[in-house]
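Just so we're aligned: the sequence shown equals residues 5 to 142 in this note's numbering.
Ideal placement from N, C-alpha and C gives every residue a C-beta, glycine not left out.
Here is the structure we will look at, set down as structure tokens.
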Amino acid sequence: MKTLSITVISAMVFLFSFAVQAETVKQKGLHDMHMMMRFMDHGMCSALEGADLQMLGQMGMSEKLDKDAVVHGAIMIKDGKAMIREMLDGKAMQGLYHEGGFDKRLMDELHDLGEKMIKVIEQIEKIHQSAIKQAAEK
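Structure follows, in structure tokens:
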């Protein structure tokens, strides 16, 4: 699931990045959108790596590291999700809307991509909670 999610999201980001290339220095809006997309990609990858750490920690293979893996994994998921939210709703995005200089269709696609990233992370969180619940029942 993790590999598939990373592959799909990375491919979407890679393809979308070609559509957002700035041709001149004056196209600051496109540059800012591209940077936001890079930060969103980083947030997504961080969250997926965090989920991976949590799963490794839950396997119970290393008494010395398992708890740290679960705790750090949870932090990575939270921070990755927060980074995506910050890019979608934060000061940089508000400033971009205020300045203008962007293509509305591309901006809508950027927001759609960000919301899909959040949904993937939330699905991973649900899977993680289900795994914890099942482990507790055994």
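Could you check whether the Cβ of residue i sits closer than 9 Å to any Cβ belonging to chain C?
i, result
"Met97", "You won't find chain C in this structure, because it holds only one protein chain."
Kindly indicate which three-state DSSP category residue i falls into: helix, strand or coil?
i, result
"Gln138", "helix"
"Ile39", "Note on residue identity: the sequence assigns Met, not Ile, to residue 39. DSSP places Met39 in helix when its eight states are reduced to three."
"Gln58", "helix"
"Lys85", "helix"
Is it buried or exposed for residue i, if we count other Cβ within 10 angstroms and need 16 for buried?
i, result
"Gly104", "exposed"
"Ser9", "buried"
"Gly33", "buried"
"Val29", "Its pLDDT being 43, under 50, Val29 is placed unreliably in this model, and the coordinates cannot settle the point."
"Ile13", "buried"
"Met2", "Lying before the first or after the last residue shown, residue 2 is absent from the chain, which here runs from 5 to 142."
For residue i versus residue j, is the C-beta distance shorter than 9 Å?
i, j, result
"Gly118", "Ala86", "no"
"Gly84", "Ile131", "no"
"Asp36", "Leu100", "yes"
"Ala55", "Ile128", "yes"
"Ser50", "Met80", "yes"
"Met59", "Ala135", "yes"
Legend entry - Stretch-stretch touch, CB-based, cutoff 8 Å, three pairs: the region 52–66 with the region 86–103: Flag = no, the region 52–66 and the region 86–103 do not touch.
Legend entry - Inter-stretch contact (C-beta, 8 Å, three-pair minimum) for the region 108–122 and the region 67–74: By the criterion of at least three beta-carbon pairs nearer than 8 Å, the region 108–122 is not in contact with the region 67–74.
Legend entry - Ordered list of alpha helix (DSSP H) runs contained in the region 70–132, each at least 4 residues: Taking only runs of at least 4 residues, the alpha helix (DSSP H) segments lying wholly in the region 70–132 are 70–93, 95–103.
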